[in-house]
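Per this note's numbering: the sequence shown = residues 413 to 600.
Taking it in order: structure first as structure tokens, then the write-up.
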Amino acid sequence: MARPDLILMGRASGAFGLKGEIRVFSHGRDPEVFRRAGRVYLGPNPEAARPLTLVSLREHGGRLLLTTREVSDRTQAQAQAGAWVYLERAALKPLDQDEYYWYQLKGALVVDKEGRELGRVVQVGDLGAHDLLLVRAEDGKEALIPVVEGVVLTVDPLAGLVRVDPPPGLLEAQGWPEDPEGPEGKAP
């Protein structure tokens, strides 16, 4: 049974301590979303994820440590390693006008400042300094586009549209063909 109400929020990486704490790498910036949800879902995909009742949450070493009613010892917590962590969409708080959740960008059309289609967002990730969009063109070529001011011009999750202005050479360095109109936007 499909679970479109579950949103990917992280990945379990194993046990912490002896009392069943599950170590989680969170994709969210606000760990309180887990506390507000009260229930997390762990599994290989949303359809197979099982609900766990959150008892406590704390941060340690850049990871979240979750204690649940259903997992009570280290062996059970370690068995969760590699499981994806989901929350119900309803647990996410409403965002301001210029904010978005990563899941809202998946499938969004990416166009350059002239309106040329570059592809669709297939994944959003965070490598520390900033978010990255993995964009896939119709021909299968992929590019990583940093979500930074000046590169990402507008993000409209409701319209499913992202406008970008990649710096010269960014796409070409990732195997994309050069702009046929040249670097200044004029035919050679």
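No residue lacks a Cβ here, since even glycine has one placed at the ideal position from N, Cα and C.
- Message: Within the continuous beta strand (DSSP E) that includes Q509, where are the two ends?
- Response: Within the sequence shown, residue 509 is the residue found at index 97, counting from 1. Note, Q509: premise wrong, no beta strand (DSSP E); not H, not E.
- Task: Output the distance between the C-alpha atoms of T487 and L418, rounded to the nearest integer angstrom.
- Result: Within the sequence shown, residue 487 is the residue found at index 75, counting from 1. Within the sequence shown, residue 418 is the residue found at index 6, counting from 1. The straight-line gap from Cα to Cα measures roughly 26 Å.
- Grab the span of the beta strand (DSSP E) containing E584 for me, first residue to last. Here the question's residue 584 lines up with position 172 in the sequence shown. Unbroken run through E584 is the alpha helix (DSSP H), L582 to A585; no beta strand (DSSP E).
- Message: If I follow the unbroken beta strand (DSSP E) through Q554, where does it start and stop?
- Response: For the purposes of this step, residue 554 is identified with residue 142 of the sequence shown, where counting begins at 1. According to the sequence as given, residue 554 is Glu; it is not Gln. Segment E554 to P558, the beta strand (DSSP E) holding E554.
- Message: Once DSSP output is grouped into helix, strand and coil, what is the label at W496?
- Response: Here residue 496 refers to the residue found at position 84 of the sequence shown. DSSP, read as helix, strand or coil, puts W496 in strand.
- Should F437 be labelled buried (16 or more other beta-carbon atoms within 10 Å of its own) or exposed? Numbered from its first residue, the sequence shown carries residue 437 at position 25. By the neighbour-count rule (16 or more Cβ atoms within 10 Å), F437 is not buried but exposed.
- Quick one: what does DSSP say W588 is sitting in, helix, strand or coil? Stepping through the sequence shown from its first residue, residue 588 is reached at position 176. Residue state, collapsed to three classes: coil.
- Message: In the DSSP output, what is L521 paired with across the bridge?
- Response: In the sequence shown, the residue the question calls residue 521 occupies position 109. BP columns for L521 point to R532 and L573.
- Three-state class that DSSP yields for E471 in the structure shown: The sequence position of residue 471 within the sequence shown is 59, counting from 1. Three-state result, E471: strand.
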